[in-house]
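Residue numbers (the UniProt record's numbering): 1 to 586. Just so you know, even glycine gets a beta-carbon here, dropped at the ideal spot from N, CA and C.
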């Protein structure tokens with residue numbers, strides 16, 4: 001019953017639906033208890049009628065009453081189903097919203113700790129189990145308790161108290177066994193749900209990385225991995241089935257024992273003329289109506305334990321707090337200003353420093369280059385600027401406010417970010433470009449594509465801008481995907497454009513034209529560009545060089561060449577490489 005109390009917030013909000021359901025169920029229960037009495041009366045009418053005497057005058061009203069009860073129960077059942085299951089589906093809708101909003105609010109560390117398949121399982125299977133508690137569970141609870149109490153009252157007051165007590169002797173045994181099996185169900189179902197999350201995760205990874213698996217001829221490895229995971233899930237579900245299978249034999253054994261005791265005791269009462277045959281028939285039918293509450297109690301324990309295990313898994317996610325806190329007051333929009341980075345130390349969860357001693361002041365409209373060898377912390381710096389993490393020492397300020405003073409949504413709306421691995425949705429090219437600006441006009445989308453040197457490529461597609469790109473943009477090349485992402489970011493016209501090696505898959509000449517387009521089109525937009533390709537940074541206002549997480553050099557292109565450090569050496573190497581490539585092409 002713990003889950004019922006945990007869902008009290010939902011029941012209070014939708015009490016009208018549940019009150020209607022409870023009321024209708026009670027009315028149905030009262031009406032249905034008339035059926036055994038009517039059938040018993042019909043049997044006594046037949047048994048007690050005189051030979052060659054018509055029984056139709058006495059039989060007709062009883063038969064019509066049965067038909068009327070059947071029709072009325074049909075209508076009332078329709079009403080409670082709409083009310084109850086409508087409320088249960090509403091609970092599922094609310095929980096899915098809560099989970100989705102929670103996922104969106106969490107930091108990257110959360111998604112490193114929770115696999116995608118596990119998070120998907122919470123939204124699907126776990127919520128379905130909770131929905132069942134709010135629907136089938138409430139139905140079973142109300143129906144079994146009310147019908148059980150009402151039928152017991154009728155059996156004891158209108159028929160025979162000793163016979164009723166005799167028939168109910170197996171109930172305590174059933175209650176004990178049901179409670180014990182319920183605990184086993186809770187544990188087994190929790191493990192089965194976790195195993196389902198593992199299967200989800202493996203399937204998601206294999207489908208997402210199908211191209212890589214084929215390139216390395218690793219299909220057999222992926223198949224074995226999936227088989228092992230599926231076998232573990234199968235074993236977990238089989239354990240649930242084995243525990244679940246204990247319920248019905250216990251219930252049917254108790255029910256059969258109750259019938260045996262009732263018929264034996266009732267037959268003796270008939271022989272003693274304390275009951276009529278019709279009354280014994282009615283008593284047996286009432287006992288049959290009591291079977292549903294007896295069976296329902298076991299089913300209720302099953303539902304509650306499954307729902308409780310699922311709800312605990314959901315709550316374990318919902319109660320996880322984001323490490324980054326956001327202020328609630330909105331920041332007033334500002335124009336102009338600067339990005340001021342005074343970073344002393346940023347380390348990962350293991351205490352390893354990733355960035356330290358980085359100082360950079362960025363004025364509005366500047367082009368900033370961020371370069372350095374692989375693993376130097378360039379991408380990490382862009383993530384800190386967008387506040388996906390907070391530095392342990394030092395600060396980053398935007399428009400003279402530290403990032404922690406900004407509401408996260410307002411802060412991130414200042415930046416358009418293009419990662420190296422861009423994510424495209426299963427939409428058309430135009431819809432992917434306009435993702436951040438759904439109301440963008442066609443000419444704006446085309447202008448963004450031209451800036452990214454993508455317009456002619458799009459015109460060569462089967463349906464132009466309306467061509468579907470497939471899941472993750474699978475129908476496009478790597479360079480085309482990067483340029484779609486760049487056009488999408490530029491179309492938002494946000495104050496800061498952050499490029500995280502976003503032109504790595506684009507050839508050098510096209511990349512140079514794109515940078516020229518950006519410099520001539522951005523106007524007041526500030527461009528921060530992480531790149532391994534130094535060509536195109538000649539006109540950068542500032543360039544910083546990161547090595548092993550520390551800022552080693554900073555200045556303009558020409559000043560860095562004069563210092564003869566990492567930047568100058570890499571520049572000369574890339575120029576020589578380009579010259580040799582052009583010579584080979586000739």
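Asked	Found
Best match in 528, 300, 407, 160 for proximity to residue 361 [C-alpha to C-alpha]	528
Classification of residue 526 by the beta-carbon crowding that lies within 10 angstroms, buried from 16 upward	buried
Local conformation of residue 461 per DSSP, three classes	coil
Whether residue 303 touches residue 190 by CB criterion (8 Å)	no
Exposure label - residue 333; buried when at least 16 CB within 10 Å	Here residue 333 scores only 49 on pLDDT, less than 50, and its place in the model is too uncertain to base an answer on.
Nearest neighbour of residue 194, chosen from 165, 306, 537, 254 [CA to CA]	306
Entirely enclosed alpha helix (DSSP H) segments - the region 101-125, minimum 4 residues	108-113, 116-121
Backbone secondary structure at residue 494 - three-state DSSP	coil
Residue 555 - DSSP class collapsed to helix/strand/coil	strand
Three-state secondary structure (DSSP) of residue 391	coil
Backbone secondary structure at residue 206 - three-state DSSP	helix
Proximity of residue 557 and residue 540 at Cβ, strictly below 8 Å	yes
Contact check, residue 167 vs residue 280, beta carbons under 8 Å	no
Residue closest to residue 29, alpha-carbon to alpha-carbon, out of 10, 119, 274, 293	293
Among 271, 229, 104, 132, the one whose alpha carbon lies nearest that of residue 119	104
First through last residue of the alpha helix (DSSP H) which encompasses residue 410	408-412
Contact set for residue 552: own chain, Cβ-Cβ below 6 Å, skip 5 residues either direction	545
Other residues of its chain near residue 84: CB distance less than 8 Å, five sequence neighbours each side excluded	17, 18, 21, 135, 138, 139
Neighbourhood of residue 494 by C-beta, 8 Å cutoff - its chain only, sequence neighbours within 5 removed	413, 414, 415, 416, 525
Beta-carbon contacts of residue 458 that lie in its chain and below 7 Å, excluding the five residues immediately before and after	429, 449, 464, 465
For residue 353, the three-state DSSP class (helix, strand or coil)	strand
Own chain partners of residue 354 with C-beta closer than 7 Å, once the 5 adjacent residues on each side are dropped	346, 347, 348, 377, 380, 549
Host beta strand (DSSP E) of residue 469 (start-end)	Here residue 469 belongs to no beta strand (DSSP E), and DSSP marks it neither H nor E.
Range covered by the beta strand (DSSP E) that runs through residue 369	367-371
Delimiting residues of the beta strand (DSSP E) encompassing residue 415	415-418
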